[in-house]
Amino acid sequence: MLKDKKMKTIKIILTLIIATILFTSIYAVKNENIEPSFYVYNTIVEYDSQSNYALVINRENKKVKYDKNSETKAYPASLTKLMTVLVAIENIEDMEALVSIDVDSYYEMIEQDSSMAGFYPNEQVSYWDLLHGTMLSSGGEATNSLAIGISKTQAEFVKLMNKKAKDLGMFNTNFTNVEGLHNDNQYSTAQDMVKLLDIALENPVFREIITTITHQTISTDQHPEGIELTSVIIKYLDTFNNGEYKIIGGKPGYTPEAGINLAVIGIKNGVEYISVLMNAPINEYSKRFEIFSVDTIEIFERLNESTDK
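Next up, the structure:
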């Protein structure tokens with residue numbers, strides 16, 4: 215009888231030990247996303263950017279090369295579309311399937327003075343073309359039709375975006391729409407946007423799209439010859455390239471409330487970097503692309519592989 219009680223006690227203790235180990239392991243796995251390994255600080259770039267919030271990292275060794283208020287919340291504007299495209303890619307079964315350009319959201323984007331890719335209401339467009347229209351042209355009609363094609367409504371798609379943000383450890387980010395038009399409750403940080411882009415670039419489809427310079431859409435009734443979509447920001451920044459570095463992809467964003475935002479991927483001395491700049495000011499004497507170029511070029515010119523170990 216005593217022996218049975220001892221055995222029972224031992225079993226209970228072992229069960230508690232195993233349960234504790236399992237709980238600890240699960241908790242540890244969940245928290246792996248909270249503090250990504252790339253927050254190893256080794257800031258080397260001395261520069262006061264016009265952007266109020268910024269973060270630049272080396273993707274190979276995950277070291278931070280430039281940081282300016284990167285944990286402060288800001289409005290993402292069209293940087294929102296980075297998440298829209300990633301979530302869409304993960305939920306599209308057939309890239310060649312056709313989607314109708316949603317009429318209501320089309321005219322809403324016109325009314326809101328959104329950027330447009332050039333598609334027409336009710337035009338039958340492939341998911342592949344909508345992804346490029348969202349990323350390269352920042353087209354509001356492309357973005358909303360993409361979301362509606364996948365989730366039936368923008369609201370349902372936004373739920374997927376917020377879930378993905380949480381999964382990636384973007385705990386200072388919240389989305390209320392898919393295209394990035396201003397909403398006081400839609401916010402992120404330069405740090406969270408770097409997290410998003412760093413992980414998204416591991417997806418080969420996302421990487422292909424964001425590094426595309428020009429894309430020709432399929433023939434439709436409204437556009438028999440298709441539409442040529444162009445990543446203006448890559449071409450523009452490339453004109454300032456002195457050969458030391460190359461901008462291979464990027465996404466700009468702007469609203470009056472957000473200011474000027476820019477996320478880019480660049481290569482210097484064979485090393486790949488991510489740069490996210492947010493809330494650069496704009497006034498009547500400056501042009502958006504000039505602000506883009508000043509901060510991005512100044513930072514990339516200061517990156518030095520000899521101090522990037």
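Residue 215 is where the sequence shown starts when you use the working numbering, and the numbers rise one by one after that. C-beta atoms are modelled at their ideal positions from N, C-alpha and C, and glycine is treated no differently.
Thinking just about the alpha-carbon of each residue, which of 293, 356 and 459 is nearest to the one in residue 414? 293
Expressed to the nearest angstrom, what Euclidean distance is found between the alpha-carbon atoms of residue 393 and residue 481? 28 Å
Assign residue 435 to one of two classes, buried (16 or more other C-beta atoms within 10 Å of its C-beta) or exposed (fewer than that). exposed
With DSSP run on the structure shown, which of helix, strand or coil describes residue 383? coil
Within the chosen definition, does the segment 487 to 496 reach the segment 265 to 273 through at least 3 CB pairs nearer than 8 Å? yes
Going by beta-carbon coordinates alone, are residue 386 and residue 402 separated by less than 8 Å? yes
Could you compute how far the alpha carbon of residue 474 sits from the alpha carbon of residue 276? 25 Å
Less than 8 Å between the beta carbons of residue 374 and residue 305, yes or no? yes
Could you say which of 346, 359 and 325 lies nearest to residue 335 if we only look at CA atoms? 359
Output the residue ranges of the alpha helix (DSSP H) runs that lie fully inside the segment 279 to 326 and measure 4 residues or longer, sorted by chain position. 294 to 305 and 317 to 325
Closer than 7 Å: residue 362 CB and nearest the ligand COA heavy atom: This structure lacks the ligand COA, and indeed carries no ligand of any kind.
Neighbour-count burial assignment, residue 378, 16 or more Cβ in a 10 Å radius: buried
Nearest-angstrom Cα distance between residue 323 and residue 441? 19 Å
Can you give the beta carbon distance from residue 319 to residue 355, rounded, assuming they're within the 8 Å contact cut? 7 Å
Rounded to the nearest angstrom, what separates residue 326 and residue 395 at their Cα positions? 8 Å
Since residue 355 is in the alpha helix (DSSP H), which residue starts that stretch and which ends it? 354 to 365
Classify residue 433: buried if its beta carbon has 16 or more other beta carbons within 10 angstroms, exposed otherwise. exposed
What residues in its chain sit with their C-beta under 7 Å from that of residue 408, if we drop five residues either side in the sequence? 269, 271, 488 and 490
Excluding the five sequence neighbours on either side, which residues of its own chain have a C-beta within less than 7 Å of the C-beta of residue 344, listed in chain order? 313, 356, 359 and 360
Looking only at C-alpha atoms, which of 466, 484, 452 and 349 sits nearest to residue 265? 466
How long is the line joining the alpha carbons of residue 518 and residue 446, rounded to whole angstroms? 27 Å
Whose CA, out of 333, 399 and 311, lies closest to the CA of residue 321? 333
From the DSSP secondary-structure annotation, give me the bridge partner or partners of residue 429. 443
In the structure shown, what three-state DSSP assignment does residue 491 receive? strand
Range of the contiguous alpha helix (DSSP H) that encloses residue 409: 404 to 414
Could you pull the DSSP bridge partners for residue 340 from this structure? 312
Output yes or no for whether 8 Å exceeds the beta carbon distance between residue 464 and residue 479. yes
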